[in-house]
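Enquirer: Numbering (the numbering used here), first residue to last: 958 to 1695. Note that CB positions come from ideal geometry on N, CA and C, so glycine has one too. Please find one structure pasted underneath; my questions will follow.
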């Protein structure tokens, strides 16, 4: 009966507020305000409904160069294209099938203007307008305030119970990061003294500033006290635009459904204690996990901001660059690029404010540039490129938007890109490749003429290597071994065409293939990735109480296309056993494996609080350290090479892939085409993936053994002694090595 009631209620949500599990703190659109009678003032739109961020292009340009100009650099990047991303739409389609209404959480981050103005219902995105297509807009970031209202001159629009701040157990407490009673302190082990107020950063829980009744009347917030805005729009200095926490607004992402309803609440560190969640479908919104707790406390999906907070970079100033470990100070590495960009002011801001190794310092490096064509240049203007590591989605967007090729744009939203934005997008792809090249290094730990060497992969970033959306992304070592006559003896981590039974082109007579990692299970292949899954208890509840179809495929065989596991299989798994691997973003409640390399100085205690630990949490700890207070993770991984007989040299590459065949296959095959608006997004994703190089892996770093000029290959005896010494000095993590 409970399953029947849930199933019947879901269709009633169309056009109304999303289910209580999905309503999260921060400034709310009109439908949530009306549903819960919060008394929040109506939000002033980011721009008039028929305007996009193209309005900003009239002033925030530089007629001499686009390389540092604000609008051109932003317009080509994935912040501007967040609403166009075909992978997002394909994932939203599957998520909506799994839990009706959850698309609201996708739209909230990716199409902020449409969400704030009430067009995320229905949650399939069909009510969104062309003017919503600018993704993460200028007017969003320049109206963001710290949700705890700590900056009294810039307070956002929020109302109880949806204020994105609240009491949580302090760092170091056994229940650190969990919602607590401000009166009793429960469930904090330290009682009321350990219950402290904290801002909730993540899940696009924006606290929106407004001091006028029209979009163009609202003051823009920014870092400068002397902004030269003339009469175009009002400006006000705010420290929040330089704070990494602003980026945390969207770059910690958690699933509020599993956070409240799954047995362990999607946590790495064990279930939420009683009182920190509701647990009843359609229960009291004020008691839901997503309202009571900060996003890092539940439903693990992405933890980029939390990884940085737990790292040494989160505690360091750019002016302290020379005190960093030597391997982090290498030429071309991200920390040095930040230091060099900030060098004109000794590593600080031009106004003397100390500059940290923040998200902005790396992803918006300062330059001598114009902020506005009507203003003077600045020596520390943040370049608004906001570059990350996504080299494939921009290509897919450009291909899908090619009206000459398709007859009309195939983008689900935001089609009809102009020539300038297409040019800017190509430039952004080049910047993403450069960003990847600065993110890691390879070091040989034995003498360079030793074939049986150990390669150290060093994380040069302020977060895990890699970070962000985990599904379909991976990093691995490709090692090509050559013998006499330069003959290729073996290729570890080989990437290439895999024959597949799926019919891509509608011609059953032709053989189809997909490029992928050919032997990921080989003992000689080292892959870094995240594997998520569905626990038995959660699968049982999904089927028996929440109306999920037990026959739903969780994964497919990558070659045959056959269903590899179903939700029924997860529900029938042995009690106490491992979760069933799955790509279902809306359902996954367990991190089975996460061996991405931690950032420098990542502290176990803070990472545990934020559910950002490696899985298993013993990985990457120095020899002799165990998980616990005071433990700090290594920021590198050592991979022992195993040369085949007759090998004389090796070429080593660290590769990163944005979107794997296995994930594209899942999103394509899982779309049941029951929603007319989303019926083709899986087909479009696959077509774009195949037409644009199949998300070709990018080379991040290289090494050779022996190194050029190192002389001949060391003897087998010496190689054996070196390998033995390395093994004795290594940490024992039990993870697979090449």
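1. Quick one: grab the DSSP three-state call for residue 1646.
2. Could you name the residues that DSSP lists as bridge partners for residue 1652?
3. Could you tell me whether the segment 1065-1077 touches the segment 982-992, using the rule of 3 or more Cβ pairs below 8 Å?
4. Would you give the residue range spanned by the alpha helix (DSSP H) that residue 1017 belongs to?
5. Using 8 Å for Cβ pairs, my map puts residue 1628 next to residue 1051. What's the rounded Cβ distance?
6. Hey, quick one: how far does the beta strand (DSSP E) through residue 1594 stretch, first residue to last?
7. Specify, as a first and last residue, the run of the alpha helix (DSSP H) that residue 1448 falls within.
8. DSSP three-state call for residue 1063: helix, strand or coil?
9. Under three-state DSSP, which class holds residue 1541?
10. Which same chain residues, not among the five before or five after residue 1311, have their C-beta less than 6 Å away from its C-beta?
11. Please work out which residues of its chain come closer than 6 Å, Cβ to Cβ, to residue 1571, disregarding the five sequence neighbours upstream and downstream, and give them in chain order.
12. Mind pulling the alpha helix (DSSP H) runs of 4 or more residues that sit fully within the segment 1200-1228?
13. Counting only runs that start and end within the segment 1570-1638, where is the beta strand (DSSP E) found for 3 or more residues in a row?
14. Under the three-state reduction of DSSP, which class applies to residue 973: helix, strand or coil?
15. Just to confirm before moving on: does the CB-CB distance between residue 1339 and residue 1317 stay below 8 Å?
16. Compute the beta-carbon to beta-carbon distance between residue 1266 and residue 1567, rounded to the nearest angstrom, for a pair I have assumed lies under 8 Å.
17. In terms of residue numbering, what span does the beta strand (DSSP E) encompassing residue 1513 cover?
18. Could you check which residue in 1032, 1065, 1030 and 1561 has the C-alpha nearest to that of residue 1045?
19. Taking the alpha helix (DSSP H) that residue 1072 belongs to, which residues open and close that run?
20. In the structure shown, what three-state DSSP assignment does residue 1240 receive?
21. Just to confirm the assignment, what range does the alpha helix (DSSP H) spanning residue 1044 have?
22. Whether or not the segment 1234-1252 and the segment 1272-1286 are in contact is what I'm after, with contact meaning three or more pairs of Cβ atoms, one per stretch, closer than 8 Å; do they touch?
23. Report the option in 1012, 1622, 1580 and 1534 whose CA atom is closest to the CA atom of residue 1518.
24. Below 8 Å between beta carbons: does that hold for residue 1496 and residue 1212?
25. Inspect the beta-carbon positions of residue 1108 and residue 1164 and report whether they are closer than 8 Å.
26. Give the straight-line distance between the Cα atoms of residue 1150 and residue 1142, rounded to the nearest whole angstrom.
27. So, with DSSP's three-state summary, where would you put residue 1079?
28. Going along the chain, which residues of its own chain have a beta-carbon closer than 8 Å to the beta-carbon of residue 1642, five neighbours each way excluded?
29. Could you pull the start and end residues of the alpha helix (DSSP H) that residue 1036 belongs to?
30. Among residues of its own chain, excluding the 5 on either side of residue 1127, which ones have a beta-carbon nearer than 6 Å to its beta-carbon?
31. Using 10 angstroms around the beta-carbon of residue 1252, count the other beta-carbons present and answer buried if the total reaches 16, otherwise exposed.
32. Looking only at C-alpha atoms, which of 1193, 1181 and 1158 sits nearest to residue 1175?
33. Quick one: grab the DSSP three-state call for residue 981.
34. Look up residue 1398 in the DSSP assignment and give the residues it is bridged to.
35. Under 8 Å: do the segment 1592-1611 and the segment 1398-1416 share three or more Cβ pairs, one atom per stretch?
36. From residue 939 to residue 1656, what distance separates their C-alpha atoms?
Expert: Concretely, from the data shown:
1. Locating residue 1646 in the chain shown gives position 689, counting from the first residue. Helix.
2. The residue given as residue 1652 occupies position 695 in the chain shown. Paired residues: none, contrary to the question.
3. yes
4. As a first step, residue 1017 is located in the chain shown; it is residue number 60 there, counting from the start. Premise fails: residue 1017 is in no alpha helix (DSSP H) and is neither H nor E.
5. By one-based count along the chain shown, residue 1628 stands at place 671. By one-based count along the chain shown, residue 1051 stands at place 94. Going by Cβ atoms, the distance from residue 1628 to residue 1051 rounds to 6 Å, so yes, they are a contact pair.
6. Residue mapping note: residue 1594 aligns to position 637 of the chain shown, counting from 1. First-last of the beta strand (DSSP E) with residue 1594: 1593-1597.
7. On the chain shown, position 491 is the one that residue 1448 refers to. Looking at the DSSP string, residue 1448 is not in any alpha helix (DSSP H); the run it does join, the beta strand (DSSP E), is 1445-1449.
8. For this step, residue 1063 is matched to residue 106 along the chain shown. It is helical.
9. The count along the chain shown starts at 1 and reaches residue 1541 at position 584. Coil, per DSSP.
10. Here residue 1311 refers to the residue found at position 354 of the chain shown. Excluding residues within five positions, the ones whose Cβ falls inside 6 Å are 1274 and 1305.
11. Position 614 of the chain shown, counted from the first residue, corresponds to residue 1571. If we look at residue 1571 and ignore the five residues flanking it on each side, its Cβ neighbours are 1551 and 1577.
12. 1201-1208 and 1213-1218
13. 1593-1597 and 1606-1614
14. Here the question's residue 973 lines up with position 16 in the chain shown. Looking at residue 973 - three-state DSSP - the assignment turns out to be coil, as it is neither helix nor strand.
15. As a first step, residue 1339 is located in the chain shown; it is residue number 382 there, counting from the start. As a first step, residue 1317 is located in the chain shown; it is residue number 360 there, counting from the start. Yes, they are a contact pair.
16. In the chain shown, residue 1266 corresponds to position 309, counting from 1. In the chain shown, residue 1567 corresponds to position 610, counting from 1. Confirmed, Cβ separation roughly 7 Å.
17. As a working mapping, residue 1513 is identified with position 556 in the chain shown. 1510-1513 is the extent of the beta strand (DSSP E) around residue 1513.
18. Counting from 1 along the chain shown, the entry for residue 1045 is found at position 88. Residue 1045 has its Cα closest to that of 1065, out of 1032, 1065, 1030 and 1561.
19. As a first step, residue 1072 is located in the chain shown; it is residue number 115 there, counting from the start. Looking at the DSSP string, the run of the alpha helix (DSSP H) that includes residue 1072 is 1069-1073.
20. As a working note, residue 1240 is residue 283 in the chain shown. The answer is coil: DSSP assigns residue 1240 none of H, G, I, E or B.
21. What you label residue 1044 is simply residue 87 of the chain shown in a count that begins at 1. Note, residue 1044: alpha helix (DSSP H), 1043-1055.
22. no
23. Counting from 1 along the chain shown, the entry for residue 1518 is found at position 561. Among 1012, 1622, 1580 and 1534, the Cα nearest to that of residue 1518 is on 1622.
24. Locating residue 1496 in the chain shown gives position 539, counting from the first residue. Locating residue 1212 in the chain shown gives position 255, counting from the first residue. No, these two residues do not count as a Cβ contact at 8 Å.
25. By 1-based counting over the chain shown, the position of residue 1108 is 151. By 1-based counting over the chain shown, the position of residue 1164 is 207. Cβ distance not < 8 Å, so residue 1108 and residue 1164 don't count as in contact.
26. Translated into the one-based positions of the chain shown, residue 1150 becomes position 193. Translated into the one-based positions of the chain shown, residue 1142 becomes position 185. Each residue's Cα considered, the two are about 7 Å apart.
27. If you number the chain shown from 1, residue 1079 lands on position 122. Residue 1079 falls in the coil class under three-state DSSP.
28. To locate residue 1642, count along the chain shown from 1; it is residue 685. Contacts found: 1043, 1044, 1046, 1047, 1353, 1621, 1624 and 1625.
29. Residue numbering aside, residue 1036 sits at position 79 when the chain shown is read from its first letter. Run containing residue 1036: none; DSSP gives neither H nor E here.
30. Counting from 1 along the chain shown, the entry for residue 1127 is found at position 170. Hits under 6 Å: 1151 and 1153.
31. Residue 1252 sits at position 295 when you count from the first residue of the chain shown. Buried is the call here.
32. In the chain shown, residue 1175 corresponds to position 218, counting from 1. It is 1193 whose Cα lies nearest to the Cα of residue 1175.
33. Along the chain shown, one-based indexing puts residue 981 at 24. Here residue 981 sits in coil by DSSP.
34. For the purposes of this step, residue 1398 is taken as residue 441 along the chain shown, with counting starting at 1. In DSSP, residue 1398 forms a bridge with 1415.
35. yes
36. The question about residue 939 has no answer, for the chain in this structure spans 958 to 1695.
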